[in-house]
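Report on the following structure.
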Amino acid sequence: MKNIVAGVLNVSYRDIGPDGGPVVVLLHGFPYDIHAYDEVSARLVQAGWRCIVPYLRGYGPTRFLDSATPRSGEQAALGADLLALLDALHIPQATLAGYDWGGRAACVVAALWPERVAGLVSCDPGYNIQDIAAAEFADTAQAFENPDFVDVVVHSYRHRFGLVAGAPRYAFIQQKLAQQPMISVPTVILAGADDGVASTRDSSAAIRGFAGAVRRQVIEGVGHNVPQEAPAEFVDAITSLLKNQ
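Just so you know, full-length UniProt numbering puts 229 at position 229 of the sequence shown, and the rest follows in order with no gaps.
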């Protein structure tokens, strides 16, 4: 694991693969962690990709730099964290891939800073900007021991339902997101047919909000944790974006 100061966080992340390869940032969801991408990242490294796999705020070894920083879980904060990580790592442009919270962070950056995004893989609901097995579990469960996990998660869910205010530092970003900006970067949307959290049977609804090239693929027998349940399809979605550039 590596660590880097990025924005308000000291981010813990994996950085694997060749330095000169195309860069993909793999972003986990709730309640998962970077282990959701163990097989996906291994396959991508074999294909020549450089994979950045960070723990999101409130997860694993990632820590806030200042005890006074609000433990916000709002979508603007997640997007700002991702942008700060790209800046800290001096990555001018990357493919972003994520689901749930990670997909939300990726969609925020793709919508507001498209020049930083070579391509996007987002899982259902696709446009993930809100309008306001046992061994694997054991690995992931350790990520919840972060002292900020509960505060960040509780704020995330209370904020999305309008029960608490967002952090002032993210107000400008949140104002932009409230306008539901279109995503113009090339995008693949992956949907688990058995996803009981976010899946929709209506492809036209899933691709609404995208102004660029977009396609949606429904994967049978797969639920919400798409990269861990369908790593081959997830990798194919990422590599297809590079082939189509």
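Just so it is clear, CB atoms sit at the ideal spot from N, CA and C, and this is done for glycine as well. In this text, all values refer to a predicted model and were calculated from it rather than measured experimentally.
*Can you grab the Cα-Cα spacing for the pair Phe-172 / Phe-234, in whole Å?*
Locating residue 172 in the sequence shown gives position 172, counting from the first residue. Locating residue 234 in the sequence shown gives position 234, counting from the first residue. Between Phe-172 and Phe-234, the C-alpha separation is close to 33 Å.
_Distance cut-off 7 Å: Arg-71 Cβ against heavy atoms of the ligand NAD_ = As far as ligands go, the structure on display features none, and thus does not contain the ligand NAD.
*Count the other CB atoms, across all protein chains shown, that sit within 10 Å of the CB of residue 256; report buried if there are 16 or more and exposed otherwise.*
Past the boundaries of the shown model lies residue 256; the chain is included only from 1 to 245, so the question cannot be answered.
*Terminal residues of the continuous alpha helix (DSSP H) containing residue 315?*
Residue 315 lies beyond the residue range present for the chain, which begins at 1 and ends at 245; the question has no answer from this structure.
*Which residue from Pro-114, Cys-123, Leu-26 puts its Cα closest to that of Pro-181?*
Working through the sequence shown from its first residue, we reach residue 181 at position 181. Checked all of Pro-114, Cys-123, Leu-26; the closest Cα to Pro-181 is Pro-114.
*Please name the residue or residues paired with Tyr-13 in a DSSP beta bridge.*
Position 13 of the sequence shown, counted from the first residue, corresponds to residue 13. In the DSSP output, where bridge partners are listed per residue, Tyr-13 has Lys-2, Pro-54.
_Three-way DSSP call (helix, strand, coil) for Ser-204 in this model_ = If you number the sequence shown from 1, residue 204 lands on position 204. In this structure, Ser-204 counts as helix in the three-state DSSP scheme.
*By the 10 Å Cβ neighbour count, where 16 or more other Cβ atoms means buried, how is Gly-196 classified, buried or exposed?*
Within the sequence shown, residue 196 is the residue found at index 196, counting from 1. Exposed.
*Quick one: any contact between the segment 67-78 and the segment 45-53, if contact means 3 or more CB pairs under 8 Å?*
no
*Using the C-alpha atoms, what's the distance from Pro-18 back to Ile-52?*
As a working mapping, residue 52 is identified with position 52 in the sequence shown. As a working mapping, residue 18 is identified with position 18 in the sequence shown. In a straight line, the C-alpha of Ile-52 is about 11 Å away from that of Pro-18.
*Note down the Cα distance separating Leu-241 from Pro-22, rounded to an integer number of angstroms.*
Within the sequence shown, numbered from 1, the residue matching residue 241 stands at position 241. Within the sequence shown, numbered from 1, the residue matching residue 22 stands at position 22. Pairing Leu-241 with Pro-22, the inter-Cα distance amounts to about 11 Å.
*Just reading off the alpha helix (DSSP H) that Leu-65 is part of, what are its end residues?*
Your numbering for residue 65 matches position 65 in the sequence shown. Segment: none, Leu-65 is in no alpha helix (DSSP H) and carries neither H nor E.
*asked:* Ala-191 and Arg-216 - do their beta-carbons sit closer together than 8 Å?
replied: Walking along the sequence shown from the start, residue 216 turns up at place 216. Walking along the sequence shown from the start, residue 191 turns up at place 191. Yes, they are a contact pair.
*Would you identify the three-state DSSP class for Gln-217, choosing helix, strand or coil?*
Taking the sequence shown and counting its residues from 1, one reaches residue 217 at position 217. Correct three-state label for Gln-217: strand.
*Which full runs of the beta strand (DSSP E) of 3+ residues lie inside the segment 65-105, going along the chain?*
94-98
_Closest residue to Leu-89 among His-28, Asp-33, Pro-54, His-224 (Cα-Cα distance)_ = Your numbering for residue 89 matches position 89 in the sequence shown. Considering only alpha carbons, the answer is Pro-54.
_Of the residues Ala-97, Ala-42, Val-214, the one placed nearest Val-24, counting alpha carbons only_ = Within the sequence shown, residue 24 is the residue found at index 24, counting from 1. Considering only alpha carbons, the answer is Ala-97.
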